[in-house]
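Chemist: Using the numbering used here, the letters of the first sequence map in sequence onto residues 21 to 241.
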Amino acid sequence: MCGRFSLFDMFGLEVRFNINLPESLVPSYNIAPSQEILAIIGGGGEQERYRAQLLRWGLIPFWAGDADASKKMINARAETVEKKASFKESFARRRCLIPADGFYEWKKEEGRKRPYRITLHNGELFAFAGLWDEWSSPRGETIKSCAIITTLANKLVEPVHDRMPVILAREAEAAWLDPRTELPALKELLQPYPPQFMECYEVSAIVNSPRNDRAEVVEPL
DNA sequence: CCAGACGTTGTT
DNA sequence: GTCTGG
DNA sequence: CCAGACGTTGTT
DNA sequence: GTCTGG
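(1) Taking all protein chains shown into account, do 16 or more other C-beta atoms lie within 10 angstroms of the C-beta of T162, making it buried, or fewer, making it exposed?
(2) Beta carbon of I168, beta carbon of N95: below 8 Å?
(3) Which ranges does the alpha helix (DSSP H) cover as unbroken runs of at least 4 residues, wholly within the region 24–97, from first to last along the chain?
(4) Keeping to the same chain, check which residues put their C-beta closer than 8 Å to that of R134; ignore five residues upstream and five downstream.
(5) Can you grab the Cα-Cα spacing for the pair V237 / D86, in whole Å?
(6) Roughly how many whole angstroms lie between the Cα atoms of F25 and R234?
(7) I want to check one thing, is the minimum distance from the CB of V186 to the heavy atoms of the ligand PLP below 7 Å?
(8) At which residues does the beta strand (DSSP E) containing S165 begin and terminate?
(9) Could you tell me if W155 is buried or exposed, where buried requires 16 or more neighbouring beta carbons within 10 angstroms of its beta carbon?
(10) Verify whether the separation of the beta carbon atoms of M218 and L176 is less than 8 Å.
(11) Which residues bound the alpha helix (DSSP H) around L203?
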């Protein structure tokens, strides 16, 4: 699954995704659920440019009775995303890119967990396939939130964990955002990323606490 | 028909 | 809102 | 995802 | 054990 990632390479970000960054966005080595994260929406048709949008990580379906759903819905399974009540509407109409430069998975062994960091070669920026939604409370407060889609781990990640987030091929990003893309074509985009373009290495357990947001957590152990 | 759930991961 | 279970 | 808290009453 | 906060 994917419950932690990083996005600290802010310089390449605007050019790579053709966006203006939100003022309040700060680089982070250790991004956790419940935080406001950068997402990219728009594209396709008349819209010339993608838009950056901060979203709470943890999707609250628009019909939810309260906002507690967000504590659970940090991931959506690629295999079932078009069928689940909580995600189907977002899958059909509210897809987003979630930029990152690495993510973390924990390997469980002998009763303890060791964290690993997974990146593309050279720490290149990439985008998770994401879903978003907008929820309004009875009092009229609105919350925009999101989830990251997961799929089977590839050969590189599989020794650490059996699931991993969907990283979109760069040439698939536009199709993912395009409202005209048909559902079967969308599902085809949700594949495990090719392991030969990725790196996986153990990192310090300092990353375990989301409070430890510093460069040390991305260093090889 | 209405009521009630709506999720993933990991562990058992 | 929409699906599943009864 | 992991870490850390997990409670009420009454008083300031 | 389970929920909340980050």
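Note that beta-carbon positions come from the ideal geometry of N, C-alpha and C, so glycine has one too. Predicted, not measured: the structure shown is a model, and the values here were computed from it.
Modeler: On the basis of the data shown:
(1) For the purposes of this step, residue 162 is taken as the residue at position 142 of the first sequence. Counting Cβ neighbours within 10 Å, T162 comes out exposed, since fewer than 16 surround it.
(2) Taking the first residue of the first sequence as position 1, residue 168 is located at position 148. Taking the first residue of the first sequence as position 1, residue 95 is located at position 75. Yes; because the gap between Cβ atoms is below 8 Å, this pair is in contact.
(3) 33–37
(4) What you label residue 134 is simply residue 114 of the first sequence in a count that begins at 1. Same-chain partners within the cutoff: W126, K127, E222 and A225.
(5) Position 217 of the first sequence, counting from 1, holds the residue named residue 237. Position 66 of the first sequence, counting from 1, holds the residue named residue 86. Looking at the two C-alpha atoms, the distance is approximately 34 Å.
(6) To locate residue 25, count along the first sequence from 1; it is residue 5. To locate residue 234, count along the first sequence from 1; it is residue 214. About 13 Å.
(7) The ligand content of the structure shown is nil, which means the ligand PLP is not present either.
(8) Counting from one through the first sequence, the residue named residue 165 turns up at place 145. Start and end: T162 to L172.
(9) Translated into positions along the first sequence, residue 155 becomes position 135. When all chains shown are included, W155 counts as buried.
(10) The residue given as residue 218 occupies position 198 in the first sequence. The residue given as residue 176 occupies position 156 in the first sequence. Yes.
(11) For this step, residue 203 is matched to residue 183 along the first sequence. Taken as a continuous stretch (DSSP letters only), the alpha helix (DSSP H) holding L203 covers L203 to L209.
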